[in-house]
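Going by my numbering, the sequence shown opens with residue 612, and the numbers climb by one from there. Glycine included, each C-beta is placed from N, C-alpha and C at the ideal position. Working notes for the structure below.
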Amino acid sequence: KRPRAEIDKIRNALGKPGLAAKRAVLHCIRYFLDKEC
């Protein structure tokens with residue numbers, strides 16, 4: 612539900628380190644959210 616430009620910006624930022632880093636970031640976010648919930 613974020614603006615498309617913002618999503619593209621995040622995608623570009625995550626795309627540079629590579630897929631493995633992106634997955635690690637998503638995993639950390641999910642872990643954090645699960646922990647908070």
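How big is the Cα-Cα spacing for residue 614 and residue 622? 13 Å
How long is the line joining the alpha carbons of residue 616 and residue 634, rounded to whole angstroms? 21 Å
In whole angstroms, what is the alpha-carbon distance linking residue 640 and residue 646? 10 Å
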